[in-house]
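Here the structure comes first, spelled out in structure tokens, and everything after it is commentary.
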Amino acid sequence: MTLDLTTLRDDFSRDGFAIARNLFERSEVQRLKLECIDILEAVKAETGAVAGHGVYVGLAARSPVFQTAVGDARILDILEGIFAPDIEFLSDKVVFKSETTTFASPWHQDWSYWHGAHKLSIWVALDDATVENGCLKLFPGSHKSAIVHDGDASDGNGFGNRLQAGAVDESRAVTAEIEAGGAVFFHDLTLHASHPNTSGEGRWVWIPTYRDANAEDTDYPWAVAAKVLRGEKLNAREVPDPRV
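Mapping the sequence shown onto this note's numbering, position 41 (from 1) lands on 90, and the numbers just tick up by one.
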């Protein structure tokens with residue numbers, strides 16, 4: 050499917066997110082999902098435990114499949130068109146919900162966790178994502194400024210930063226129901242949350258995160274697989290010798 054980059058750019062600028070439906074083929078995301086399952090099984094064998102709260106961070110750090118996926122040209126073309134010409138991958142994670150892992154993510158901005166220069170994450174559906182199985186919801190235009198995160202984080206669901214319950218007008222939120230292979234590109238100030246999984250079936254999502262390779266930013270300890278994937282870092286370029 051051909052994606053309209055102008056529309057994606059306009060959507061991202063106006064709303065803080067852009068939906069790229071059918072970015073990947075179903076067969077491609079099925080392979081990614083199976084790779085996620087293999088990774089989690091390996092983690093369980095190594096540590097005796099599965100990732101807590103339905104989240105595992107660092108797929109590309111241990112998997113050649115995801116090392117390739119984070120640099121897929123379809124992703125980079127959109128990032129270059131809506132975000133920055135010089136693109137650095139930072140880290141990725143899988144978020145999985147099941148009949149026993151059903152949590153609803155509370156409203157939050159990713160920037161409240163990592164601060165620094167702004168970043169962009171991509172919510173890639175590895176299964177069809179519906180309201181019933183916990184799809185993403187986003188608040189258009191919320192990427193214009195940071196919001197105080199002063200909600201109660203004592204419920205043990207793994208979200209230390211969140212808005213207070215009822216702080217967001219849900220009637221203005223956009224529910225991103227997308228088929229497997231679809232993706233939501235969103236700014237790190239875009240308020241987002243997810244529905245709980247009430248379907249009784251699994252729902253898997255892969256989320257890679259990127260930044261402008263030339264942003265003045267912090268070095269993050271969690272970005273163990275960081276790599277410039279398109280363009281280059283200005284500070285990595287050779288400076289011409291003025292004597293030559």
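Glycine included, each C-beta is placed from N, C-alpha and C at the ideal position.
Every value quoted in this text rests on a predicted model; they were computed, and no experiment measured them.
Would you report the Cα separation of residue i and residue j, rounded to the nearest angstrom?
i, j, result
"S243", "E281", "35 Å"
"K25", "R111", "The structure shown has nothing for residue 25, since the chain only spans 50 to 293."
"V273", "G107", "8 Å"
"E6", "V217", "No answer is possible for residue 6: the residues shown for the chain start at 50 and end at 293."
"A214", "T56", "33 Å"
"L187", "H241", "4 Å"
"K276", "I124", "15 Å"
"S203", "L283", "For S203, the predicted structure reports a pLDDT of 45, less than 50, and the residue's modelled location is therefore unreliable. The matter cannot be settled from this model."
"L278", "I136", "6 Å"
"G97", "I86", "15 Å"
"D261", "R252", "30 Å"
"T151", "A222", "21 Å"
"V114", "G231", "18 Å"
"G207", "H102", "Low local confidence applies: a pLDDT of 48 at G207 is under 50, so the model's placement there is unreliable, with the coordinate-based value given in what follows. Straight-line Cα distance between these residues: approximately 6 Å."
"I127", "P134", "10 Å"
"D59", "T224", "19 Å"
"N71", "A94", "34 Å"
"I88", "T247", "25 Å"
"W255", "D121", "14 Å"
"Y162", "V233", "20 Å"
"A153", "K168", "23 Å"
"W160", "D177", "27 Å"
"F138", "S170", "10 Å"
State yes or no: is the C-beta of residue i within less than 7 Å of the C-beta of residue j?
i, j, result
"T239", "G65", "yes"
"L185", "L81", "no"
"L307", "A69", "Because the chain is modelled from 50 through 293, residue 307 falls outside the range shown and cannot be assessed."
"G183", "P257", "no"
"A109", "A264", "no"
"V92", "V144", "no"
"R75", "A229", "yes"
"E226", "T179", "yes"
"E90", "G249", "no"
"A67", "F73", "no"
Going by DSSP, name the residue or residues bridged to residue i.
i, result
"S243", "L185"
"S140", "T258"
"V277", "E137"
"T96", "Answer is none; T96 lacks a bridge partner."
"I171", "F234"
"W253", "F145"
"Y105", "V143"
"I68", "V233"
"I223", "Per the sequence shown, residue 223 should be read as Val rather than Ile. According to DSSP, V223 bridges with L187."
"H157", "H241"
Measuring CA to CA, which of the options is closest to residue i?
i, options, result
"P155", "G165, E219 and I136", "E219"
"Y259", "S62, A67 and F235", "F235"
"W271", "V223, S140 and L89", "S140"
"W172", "V119, A94 and T247", "V119"
"F132", "V254, E95, D237 and D268", "D237"
"V78", "H102, T117 and D266", "T117"
"G190", "A153, E95 and Q158", "Q158"
"E181", "N71, I127, A67 and K146", "K146"
"Y269", "T224, W255, A94 and H164", "H164"
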